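Novice: One structure coming up, written as structure tokens, with questions to follow.
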Amino acid sequence: MTDTVNRPSLAELLDRMAGLEREALPAIAAAADPEELERLRIRYLGRTAGLLSGVSGSLGLLPAGDRPAAGAAFARATAAIRARLDERAAAVAATRRAAAPPLDLTMPGRAVWQGGRHPVTVVIDEVAAIFRELGFTIALGPEAESEWYNFTALNFPPDHPALDLHDTLYLESGALLRTHTSPVQVRTLQAYPPPVRVLVPGNAYRRDFFDASHAPMFVQIEGLAIDEGVSFVDLKATLTHFARRFFGAARTRFRPSFFPFTEPSAEMDVECRICGGAGCRTCKLTGWTEILGCGMVHPAVLRSAGVDAERYTGWAFGMGPARVAQQRYDIPDIRELYDSDVRVLAALAR
Numbered sequence: 110m111t112d113t114v115n116r117p118s119l120a121e122l123l124d125r126m127a128g129l130e131r132e133a134l135p136a137i138a139a140a141a142d143p144e145e146l147e148r149l150r151i152r153y154l155g156r157t158a159g160l161l162s163g164v165s166g167s168l169g170l171l172p173a174g175d176r177p178a179a180g181a182a183f184a185r186a187t188a189a190i191r192a193r194l195d196e197r198a199a200a201v202a203a204t205r206r207a208a209a210p211p212l213d214l215t216m217p218g219r220a221v222w223q224g225g226r227h228p229v230t231v232v233i234d235e236v237a238a239i240f241r242e243l244g245f246t247i248a249l250g251p252e253a254e255s256e257w258y259n260f261t262a263l264n265f266p267p268d269h270p271a272l273d274l275h276d277t278l279y280l281e282s283g284a285l286l287r288t289h290t291s292p293v294q295v296r297t298l299q300a301y302p303p304p305v306r307v308l309v310p311g312n313a314y315r316r317d318f319f320d321a322s323h324a325p326m327f328v329q330i331e332g333l334a335i336d337e338g339v340s341f342v343d344l345k346a347t348l349t350h351f352a353r354r355f356f357g358a359a360r361t362r363f364r365p366s367f368f369p370f371t372e373p374s375a376e377m378d379v380e381c382r383i384c385g386g387a388g389c390r391t392c393k394l395t396g397w398t399e400i401l402g403c404g405m406v407h408p409a410v411l412r413s414a415g416v417d418a419e420r421y422t423g424w425a426f427g428m429g430p431a432r433v434a435q436q437r438y439d440i441p442d443i444r445e446l447y448d449s450d451v452r453v454l455a456a457l458a459r
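Going by the numbering used here, the sequence shown opens with residue 110, and the numbers climb by one from there.
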């Protein structure tokens, strides 16, 4: 008895659907923006809370003979409301377009910023590719080092100026931020017996002033070759080959130098590509730019790493890829590489 009383009649459902259609169509015609149209769509046609959806749930309660007529009426009401929504949405969009300022078709299009590799990263990858052809592999090490690995094992005397606070960044734990990638030499020789040929890219830290050619944090590339019978001739030949591959026909030279962990030691210069050897601020008016320091690995370093210094010899070098990038891309001030100016980096990437 209860189901019979609550069951809607066909006439009631047809009247409800006609009433919803009469209510919806003028409301849609008066909507002034897309947001209002969306609210009306949800109110009348929403799948869960829509008013017509509530009516559709009652269609199944009708007698079988009344259902076709009710279904047809439901479809007509739904189609009429949806058509009015589409029509009004098109009219609102056209009104907005007409009210918008006219397009200036003579204006240039907006440039789309595109990502790219940093020039220093490009240099590191190119250097690594050249040395891989010569049999070198990549080795890495920690940036927070002990004083033993960073200085003592590399033949630095206890009173060397590099150990002072004005030159090295010490941590509260007693460790320090490595001042070069050379500690990886000792770690590699402790882990692997000779022959060894490794390339070590990584960050290094020093208390340097940030000027046209120095930075307090910089990337360095270390190279190490240890074997029987290795001589300074091998060092010079290898690095000259690298310079010719990387810089092309640029002139190079070796100058005597001193490093505690190599003996003899040298610095390798390349003719300044920014001024063509005439002299500028970047090359300090010399016409030459230092790209790396090098030398034969000191026997004390080999012994610190547990290598027989009577049997094995080797050479090492340390290179600053940022300074090399300066020469490659004709950058007069190294700070341009660290300022993150997208305009400069985009120009260098082309």
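Beta carbons: idealized from backbone N, C-alpha and C, even for Gly. Here the structure is a predicted model, which means the values were calculated and not measured.
Can you tell which of Glu242, Ala220, Phe351 has the C-alpha that lies nearest to the C-alpha of Ile400?
Specialist: Phe351
Novice: Quick test of the definition: if touching needs 3 or more C-beta pairs under 8 Å, does the region 159-171 touch the region 191-211?
Specialist: no
Novice: Would you identify the three-state DSSP class for Arg67, choosing helix, strand or coil?
Specialist: Coverage of the chain is limited to positions 110 through 459, which leaves residue 67 absent and any answer about it impossible.
Novice: Using the Cβ count rule (16 or more neighbours within 10 Å means buried), how would you classify Leu146?
Specialist: buried
Novice: Taking Cβ positions, are Ala425 and Leu333 nearer each other than 8 Å?
Specialist: yes
Novice: When you compare only the Cα positions, how much space is there between Ala207 and Val201?
Specialist: 10 Å
Novice: Taking the alpha-carbon positions, what's the Val379 to Ala359 distance?
Specialist: Distance between Val379 and Ala359, taken at the CA atoms: about 7 Å.
Novice: Quick check: what's the CA-CA separation for Pro302 versus Thr230?
Specialist: 30 Å
Novice: Between the alpha carbons of Ser118 and Leu212, how many angstroms are there, rounded?
Specialist: Rounded to whole angstroms, Ser118 and Leu212 show a C-alpha spacing of 58 Å.
Novice: Leaving out five residues before and five after Pro304 in sequence, what residues of the same chain have Cβ atoms less than 7 Å from its Cβ?
Specialist: Ile335, Asp336
Novice: For Gln294, which option in Glu331, Ala431, Asp124, Ala173 has the closest C-alpha, if you only look at C-alpha atoms?
Specialist: Checking every option, the nearest Cα to that of Gln294 belongs to Glu331.
Novice: Mapping the DSSP letters down to three states, classify Asn259 as helix, strand or coil.
Specialist: helix
Novice: Under 8 Å: do the region 258-269 and the region 380-395 share three or more Cβ pairs, one atom per stretch?
Specialist: no
Novice: For Ala409, which residues in the same chain have their Cβ closer than 6 Å to its Cβ, ignoring the five residues on either side in sequence?
Specialist: Asn264
Novice: Could you name the residues that DSSP lists as bridge partners for Met126?
Specialist: BP columns for Met126 are empty, so no partner.
Novice: Helix, strand or coil, according to DSSP, for Leu214 in the structure here?
Specialist: coil
Novice: Run through the region 388-451 for me and flag every whole beta strand (DSSP E) of 3 or more residues, listed as ranges in chain order.
Specialist: Within the region 388-451, the complete beta strand (DSSP E) segments of 3 residues or longer fall at 397-406, 422-428, listed in chain order.
Novice: Does the beta-carbon of Val309 have 16 or more other beta-carbons within 10 angstroms, so that it is buried, or is it exposed?
Specialist: Taking every protein chain shown into account, the CB of Val309 has 16 or more other CB atoms within 10 angstroms, so this residue is buried.
Novice: Hey, how far is the Cα of Arg461 from the Cα of Phe245?
Specialist: The structure shown does not extend to residue 461, since the chain is modelled only from 110 through 459, so no value can be given for it.
Novice: By a C-beta neighbour count over all protein chains shown, 10 Å radius and 16 as the cutoff for buried, is Val342 buried or exposed?
Specialist: exposed
Novice: DSSP three-state call for Gly332: helix, strand or coil?
Specialist: Note: Gly332 maps to strand in three-state DSSP.
Novice: What is the C-beta distance between Pro430 and Val232, in whole angstroms, given that I count them as a contact (C-beta under 8 Å)?
Specialist: 4 Å
Novice: Tell me which residue opens and which closes the beta strand (DSSP E) that Thr361 is part of.
Specialist: Where Thr361 is concerned, the enclosing beta strand (DSSP E) starts and stops at 361-368.
Novice: So is Trp257 buried or exposed if we call it buried at 16+ other beta carbons inside 10 Å?
Specialist: exposed
Novice: Compare the beta carbon distance of Met516 and Leu344 with 8 Å and say whether it is the shorter of the two.
Specialist: Absent from the structure is residue 516, since the part of the chain shown begins at 110 and ends at 459.
Novice: How is Tyr301 classed by DSSP in three states: helix, strand or coil?
Specialist: Correct three-state label for Tyr301: coil.
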